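Counting from 1, one number per residue, gives the positions in the sequence shown under the UniProt record's numbering. Positions of the beta carbon are idealized from the N, C-alpha and C atoms, including for glycine. What you are looking at is a predicted structure, and each value in this text was computed from that prediction instead of being measured.
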Amino acid sequence: MSYPGYGAPQAGYAGGYGGAPPGGPGFGGQQQDPLYGYFSAVAGQDGQISPDELQQCLTQSNFSGSYKPFNLETCRLMINMLDRDMSCTMGFNEFKELVTVLNGWKQHFMTMDRDRSGTVDPQEMQQAVNSMGYRLSPQAMNCIVKRFSSQGKITFDDYVACCVKLRTLTDLFKKRDQAGQGVAAFPYDEFIQCIMSA
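Structure (structure tokens):
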């Protein structure tokens, strides 16, 4: 069921967000996983990584490929998106979940970047958001484009930051929309917490 402003499930984008569902079982054979080498190279003794370390890990693994590395703010957003224990860090299972989500978003970005410029324009961004199942007004899309574009172009890093914010804010909103009608009431302090944590 699709509600105004929500992401509806689309083929290949679980939950309408392009990634794996939250949670899931722990990963047993971590040291056999190729991602574990990148993760463990930067993780502290507690087995967690900070935004700085996530940035380093994604850069070392060449996740961005020909795109520029993720900026620190995008790394903070990615950790916050999956930070269920509010530690502001990420464990290996969360990192694996993030990589799955990022791979989906990367493939989606490459599909939308029809001219292979390494950026998407406002029309391509509108198509991307729509294909992920979000039904946003032209005014909301205009806000997104203004926030995440530079000279009318949206880079992969900013595209990911936008996807993270859309997913996080939508999840927070859905928790408060008890009737599923696209309407929620927030006390001011709770609203600020939601916005600042997204």
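**OP:** Compare the C-alpha of residue 201 against each of Lys-68, Tyr-67, Thr-89 and Pro-69 and name the closest.
**Re:** The first residue shown for the chain is 1 and the last is 198, placing residue 201 beyond what the model contains.
Subject >> Close-in-space but distant-in-sequence residues of the same chain around Pro-122 (CB under 6 Å, 5 per side omitted) >> reply: If you number the sequence shown from 1, residue 122 lands on position 122. So the qualifying residues of the chain are Val-145.
**OP:** Put Val-183 into one of helix, strand or coil per three-state DSSP.
**Re:** Working through the sequence shown from its first residue, we reach residue 183 at position 183. The answer is coil: DSSP assigns Val-183 none of H, G, I, E or B.
Original post:
At which residues does the alpha helix (DSSP H) containing Asn-71 begin and terminate?
Top reply: Counted from its first residue, the sequence shown places residue 71 at position 71. Looking at the DSSP string, Asn-71 is not in any alpha helix (DSSP H), and its letter there is neither H nor E.
Subject >> Range covered by the alpha helix (DSSP H) that runs through Met-196 >> reply: Taking the first residue of the sequence shown as position 1, residue 196 is located at position 196. Met-196 -> alpha helix (DSSP H) spans 188–197.
Original post:
Which residues in the same chain have their Cβ closer than 8 Å to the Cβ of Val-99, if we skip the five residues on either side of it in sequence?
Top reply: If you number the sequence shown from 1, residue 99 lands on position 99. So the list reads Leu-35 and Phe-63, once near-sequence residues are dropped.
Subject >> In DSSP terms, what Thr-100 is bridged to >> reply: Within the sequence shown, the letter at position 100 stands for residue 100. In the DSSP output, where bridge partners are listed per residue, Thr-100 has none listed.
Original post:
According to DSSP, what are the bridge partners of Ile-154?
Top reply: In the sequence shown, counting from the first residue as 1, residue 154 sits at position 154. In DSSP, Ile-154 forms a bridge with Val-120.
Original post:
Run through DSSP, which three-state label would Gln-56 get?
Top reply: Along the sequence shown, read from residue 1 onward, the residue named residue 56 stands at position 56. Looking at Gln-56 - three-state DSSP - the assignment turns out to be helix.
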